[in-house]
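Peer 1: Every letter in the sequence shown is one number past the one before it in the working numbering, and letter 237, counting from 1, is 262. Glycine included, C-beta positions come from ideal geometry on N, C-alpha and C. Right, I'll just put the structure down here and ask away after.
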Amino acid sequence: MSTKVAIVADRVGWEERQLISAAPDLGLEIDWVNDESLCLGDAKAPSIDGYDALLIRSRSYTRGGLLATLAESKGVAVLNSASAIHACENKLVLRAVLDAAGVPVPDFRLVLSRKDFDKALDDLGLPVVLKPVYGGMGKRVTLIRDSDLAHSVYDYVEDLGHAFEQACLMEPYLGGGSIRCLVVGEQIVAAAEFESAGADWRSNAALGNQSRALADDSEVQKVVDGVVDQLGAGIYGVDLFKTPSGYLVNEVNHAPAWRGVASTTGVDIPSAVARHVQEILA
Ligand SMILES: Nc1ncnc2c1ncn2[C@@H]1O[C@H](COP(=O)(O)OP(=O)(O)O)[C@@H](O)[C@H]1O
Ligand SMILES: [Mg+2]
26 MSTKVAIVAD
36 RVGWEERQLI
46 SAAPDLGLEI
56 DWVNDESLCL
66 GDAKAPSIDG
76 YDALLIRSRS
86 YTRGGLLATL
96 AESKGVAVLN
106 SASAIHACEN
116 KLVLRAVLDA
126 AGVPVPDFRL
136 VLSRKDFDKA
146 LDDLGLPVVL
156 KPVYGGMGKR
166 VTLIRDSDLA
176 HSVYDYVEDL
186 GHAFEQACLM
196 EPYLGGGSIR
206 CLVVGEQIVA
216 AAEFESAGAD
226 WRSNAALGNQ
236 SRALADDSEV
246 QKVVDGVVDQ
256 LGAGIYGVDL
266 FKTPSGYLVN
276 EVNHAPAWRG
286 VASTTGVDIP
296 SAVARHVQEI
306 LA
């Protein structure tokens with residue numbers, strides 16, 4: 026009998042489609058379950074009854090962690106773990122966890138007010154990057170090269186409706202490229218270096234960019250091992266910056282896109298995910 030997995034997500038994207046179409050050959054039965062229709066809380070919630078595992082792929086910054094927490098508490102196997110999702114959903118929490126464990130992260134300041142903003146600018150000097158604590162897909166990540174612009178940018182932040190949206194990190198600008206390591210289980214299964222290309226300065230995997238496969242690198246391995254030690258085995262997109270003083274972990278995506286690394290490296294990601302699911306359930 027094949028293993029039944031529910032992909033819990035807001036929509037079926039490229040990665041989810043790849044998993045669903047590869048499933049029969051991998052000994053899995055995979056359905057998409059809309060993350061806004063689970064109504065969890067009941068120990069026998071019909072929406073997830075009968076599944077051996079839930080693969081949480083919500084792109085929202087709040088749904089994944091909430092759903093994983095509740096499903097885990099009812100004894101359902103959940104990937105990634107609720108604690109890993111919670112840590113990754115919040116850029117500041119993740120950096121605090123990694124930093125405390127000695128995993129290198131960028132220098133940054135928490136900006137909750139204009140006072141913080143001014144002080145952080147003084148501390149870090151231009152150019153800086155301002156980004157939301159709760160964010161994704163590169164949205165609102167702002168490169169500030171020019172002090173004339175800096176204060177006007179903060180006007181827009183201040184006008185956002187909610188303190189949740191206003192909370193930002195400021196950090197030094199660390200160059201035009203980044204490295205995406207796709208981790209499945211405890212291993213890096215694919216890694217690529219992304220350069221920003223075209224009109225956008227960001228090299229986010231979701232924004233479209235140029236990339237090349239990254240050869241095995243013991244320094245990268247060490248940093249990623251440090252991340253996995255903290256979060257536990259899982260499916261992660263670990264984003265690194267390469268700096269003169271070594272690799273720094275920018276962020277970890279808990280429902281990573283992998284179209285970019287898959288097409289750059291040719292790695293069969295669905296097989297790796299299927300192996301990981303079977304290992305968890307064994
Ligand atoms: N400090 C930084 N220095 C240089 N580029 C950055 C910095 N922070 C973010 N970027 C660029 O912006 C992109 C999006 O930022 P990121 O921190 O990954 O937020 P998101 O969660 O929106 O993906 C990154 O992939 C990178 O290209
Ligand atoms: Mg990112």
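Look at R227 and L265 and say whether their C-beta atoms are less than 9 Å apart.
Peer 2: Cβ distance not < 9 Å, so R227 and L265 don't count as in contact.
Peer 1: So, is L137 buried or exposed, given that buried needs 16 or more other C-beta atoms within 10 angstroms?
Peer 2: Flag for L137 reads exposed.
Peer 1: Verify whether the separation of the beta carbon atoms of D60 and S85 is less than 9 Å.
Peer 2: Result yes, Cβ atoms of D60 and S85 sit closer than 9 Å.
Peer 1: Could you check which residue in Q303, K116 and R42 has the C-alpha nearest to that of V274?
Peer 2: Measuring from the Cα of V274, the nearest candidate turns out to be K116.
Peer 1: At a cut-off of 8 Å, would you count S288 as near ligand 1, judging by its Cβ distance to the nearest heavy atom?
Peer 2: No.
Peer 1: Count Cβ pairs between the segment 240 to 259 and the segment 108 to 125 that sit closer than 8 Å; are there 3 or more?
Peer 2: Because the criterion of three Cβ pairs below 8 Å is met, the segment 240 to 259 and the segment 108 to 125 touch.
Peer 1: Apply the 10 Å Cβ neighbour rule to M195 and answer buried if 16 or more other Cβ atoms are within range, or exposed otherwise.
Peer 2: Looking at its Cβ environment, which holds 16 or more other Cβ atoms inside 10 Å, M195 is buried.
Peer 1: Would you call the segment 156 to 164 and the segment 176 to 195 touching, i.e. three or more CB-CB distances under 8 Å?
Peer 2: Contact holds: three or more Cβ-Cβ distances are below 8 Å.
Peer 1: Anyone know if the C-beta pair for D148 and R139 falls short of 9 Å?
Peer 2: Not in contact: D148 and R139 (Cβ atoms no closer than 9 Å).
Peer 1: If contact is defined by three or more beta carbon pairs under 8 Å, each pair taking one atom from either stretch, is the segment 72 to 90 in contact with the segment 237 to 254?
Peer 2: The answer is no - the segment 72 to 90 does not touch the segment 237 to 254, with fewer than three Cβ pairs under 8 Å.
Peer 1: Would you report the Cα separation of D124 and D141, rounded to the nearest angstrom?
Peer 2: Each residue's Cα considered, the two are about 21 Å apart.
Peer 1: Go ahead and label E211 buried or exposed: buried means 16 or more other beta carbons lie within 10 angstroms of its beta carbon, across all protein chains shown.
Peer 2: E211 comes out exposed.
Peer 1: Can you give the Cα-Cα distance for A47 and V103, rounded to whole angstroms?
Peer 2: Near 20 Å, if we compare the C-alpha coordinates of V103 and A47.
Peer 1: Looking only at its chain, what residues have a beta carbon closer than 8 Å to the beta carbon of L51, apart from the 5 residues adjacent to it on each side?
Peer 2: Closer than 8 Å at Cβ, skipping near neighbours: P295, S296 and A299.
Peer 1: When we look at the beta-carbon of L306 and count the other beta-carbons within 10 Å, is it buried (16 or more) or exposed?
Peer 2: Its Cβ having fewer than 16 others within 10 Å, L306 is exposed.
Peer 1: Grab the span of the alpha helix (DSSP H) containing P295 for me, first residue to last.
Peer 2: Note, P295: alpha helix (DSSP H), I294 to L306.
Peer 1: Going by DSSP, name the residue or residues bridged to W57.
Peer 2: Answer is I32, bridged to W57.
Peer 1: What are the start and end residues of the alpha helix (DSSP H) that includes Y261?
Peer 2: No alpha helix (DSSP H) contains Y261, which is instead part of the beta strand (DSSP E) from G259 to T268.
Peer 1: Per DSSP, which residues does R237 bridge with? Please list them.
Peer 2: E218, per the DSSP bridge assignment.
Peer 1: At what residue ranges does the segment 92 to 143 contain a whole run of the alpha helix (DSSP H), taking only runs of 4 or more?
Peer 2: Taking only runs of at least 4 residues, the alpha helix (DSSP H) segments lying wholly in the segment 92 to 143 are 107 to 114 and 116 to 125.
Peer 1: Give the DSSP bridge partners of Q191, in chain order.
Peer 2: Paired residues: none, contrary to the question.
Peer 1: Can we count D4 as close to ligand 2, meaning its CB is less than 8 Å from some heavy atom?
Peer 2: There is no way to answer for residue 4, as the model of the chain reaches only from 26 to 307.
Peer 1: Span of the alpha helix (DSSP H) holding T167?
Peer 2: From DSSP, T167 is part of no alpha helix (DSSP H) but of the beta strand (DSSP E) over T167 to I169.
Peer 1: Span of the beta strand (DSSP E) holding A78?
Peer 2: Here the beta strand (DSSP E) through A78 covers A78 to I81.
Peer 1: Measuring only the C-alpha atoms, how far is V122 from Q235?
Peer 2: If you take the alpha carbons of V122 and Q235, they lie about 31 Å apart.
Peer 1: For K247, does the three-state DSSP call read helix, strand or coil?
Peer 2: Helix at K247.
Peer 1: Can you tell me where the alpha helix (DSSP H) holding V182 begins and where it ends?
Peer 2: Unbroken alpha helix (DSSP H) run through V182: S172 to E183.
Peer 1: Can you grab the Cα-Cα spacing for the pair G223 / V245, in whole Å?
Peer 2: Their backbone Cα atoms lie some 27 Å apart in a straight line.
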